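Report on the following structure.
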Amino acid sequence: MEPPANNGSSPVTDFDTLLQREWQRQGGLWRMLHQGFWGVLAVAVVIASAHGAEVDVQQFWSRLPQLGDWLGRLFPPDFSELTSFLGAIWETLAIAIIGTGAAMVAALPLAVMVARNVTPFRLLALPLRSLLNLLRGIDTAIFALFFVSIVGLGPFAGALGVALHTTGSMAKLYAEVLETLPPEPIEAVEATGCDRFRTFTFAVLPEALPGLIGISLYLWEFNVRSSVILGIVGAGGIGYELLVSLKLLDFPRLCTILLLILAMVTLIDALSARLRQRLG
């Protein structure tokens, strides 16, 4: 039997050629160093962040028995103040409803003015976007704390805080919905000679309405959860009762409040998801 023909290459040479091609495809030494630099930088940022946050795993581990003791003292819950707690729960819901509703009224015209495909004032779009970023960047609790100093303690300050923060987020999301609309219906209505207002009413709004309502429901759902903590800064709601229970270490009372918050959030989430599903 004749030996197989030799094409002039050896397995070692073929392997070296393959390795060289793969090295070139991956970008060679420079790419490896570049990826390694970002990997080392990421590790350094994580270590520095752990130091800045004063992470102490040993202390946390040593305090776990105390946490277990507190959890054990939560039960049984104390329902003696249930009526007043239900009133505080409604106050929290009212803060979210009023704040989200006011944000919807303010966000729609702002979204129209910043959306690139429908804005009638292109020169105002950039400063308005900066304003929306500012509103989104300041937390609801900070706004509520600011309004507490103006209108006093109570749910009105919380509703104002929710409204301002939500306006920034809602207007940005509304604008994104408007910018993703297909241009054909808008162009068809404009071709009939309609002005901007009628074009928006008959072409833009009907197409965007399901997305706008879905965003509003999602942000209302989020605001219900965020309104819980507004009582901590004096803006009313169930958060104030939660803070009092924590300060007094009244665990049965705290358990009742947590159960009510859990029930409220669960029901709101289910309702919002059901409504968004019907819109979809």
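The sequence shown begins at 263 in this note's numbering and counts up one residue at a time. Glycine included, every Cβ here is placed at the ideal spot set by N, Cα and C. Quantities reported herein were computed from a predicted structural model and do not represent experimental measurements.
{"Check": "Val376, DSSP secondary structure in three states", "Outcome": "helix"}
{"Check": "Environment of Glu503 [buried if 16+ CB atoms lie within 10 Å]", "Outcome": "buried"}
{"Check": "Pick from Gly493, Arg460, Pro468 and Arg458 that is closest to Leu415, judged by C-alpha positions", "Outcome": "Gly493"}
{"Check": "Beta-carbon spacing of Glu353, Ile500 below 9 angstroms", "Outcome": "yes"}
{"Check": "Sequence-distant residues of its chain with Cβ nearer than 7 angstroms to Ala358 (five each side left out)", "Outcome": "Val424, Trp482, Asn485, Val486 and Ser489"}
{"Check": "Validate contact between the region 420 to 436 and the region 399 to 408 using beta carbons, cut 8 angstroms, 3 pairs", "Outcome": "yes"}
{"Check": "Supposed contact pair Leu394 and Val367 - C-beta distance, whole angstroms, cut 8 angstroms", "Outcome": "The pair is not a contact, with the Cβ atoms about 15 angstroms apart (cut-off 8 angstroms)."}
{"Check": "Touching by the beta-carbon criterion (3+ pairs, under 8 angstroms), the region 465 to 475 and the region 439 to 453", "Outcome": "yes"}
{"Check": "Residues near Ser462 by beta carbon distance below 8 angstroms, same chain, minus five either side", "Outcome": "Note that residue 462 corresponds to Phe in the displayed sequence, not to Ser. Val374 and Val380, listed in sequence order."}
{"Check": "Three-state secondary structure assigned by DSSP to Leu333", "Outcome": "helix"}
{"Check": "Pro417 burial status per 10 Å Cβ neighbour count (16 or more: buried)", "Outcome": "buried"}
{"Check": "Leu541, DSSP secondary structure in three states", "Outcome": "helix"}
{"Check": "Extent of the continuous alpha helix (DSSP H) run through Val413", "Outcome": "Thr402 to Val413"}
{"Check": "Met449 - containing alpha helix (DSSP H), residue span", "Outcome": "Rather than Met, the amino acid found at residue 449 in this sequence is Glu. Taken as a continuous stretch (DSSP letters only), the alpha helix (DSSP H) holding Glu449 covers Pro445 to Ala453."}
{"Check": "Simplified DSSP assignment, three categories, for Thr518", "Outcome": "helix"}
{"Check": "Three-state secondary structure (DSSP) of Glu503", "Outcome": "helix"}
{"Check": "Within-9 angstroms CB hit, Gly399 to chain D", "Outcome": "No chain D is part of this structure, which consists of one protein chain only."}
{"Check": "Assigned exposure category for Gly330 - 16 Cβ within 10 Å defines buried", "Outcome": "exposed"}
{"Check": "For Val317, the three-state DSSP class (helix, strand or coil)", "Outcome": "coil"}
{"Check": "Per-residue burial, Met263 [other beta carbons within 10 Å of its own, 16 or more giving buried]", "Outcome": "Bear in mind that the predicted position of Met263 carries a pLDDT of just 46, short of 50, making it too unreliable to give a figure here."}
{"Check": "Contacts around Leu435, its chain only, beta-carbon distance under 7 angstroms, and the 5 residues preceding and following it disregarded", "Outcome": "Ile477"}
{"Check": "Residue from Leu511, Leu348, Ser346 and Phe409 with nearest C-alpha to Arg335", "Outcome": "Leu511"}
{"Check": "For Asp531, three-class secondary structure by DSSP", "Outcome": "helix"}
{"Check": "Gly349 classed as buried or exposed, judged by whether at least 16 other C-beta atoms fall within 10 angstroms", "Outcome": "exposed"}
{"Check": "Where Leu303 falls, given that 16 or more other Cβ within 10 Å makes a residue buried", "Outcome": "exposed"}
{"Check": "Nearest residue (CA-CA) to Leu390, options Leu533, Ile412 and Gly430", "Outcome": "Gly430"}
{"Check": "Residue burial classification, Leu372 (beta-carbon count within 10 angstroms, cutoff 16)", "Outcome": "buried"}
{"Check": "Residue of Ala497, Thr528, Phe341 and Val307 minimising C-alpha distance to Ile412", "Outcome": "Ala497"}
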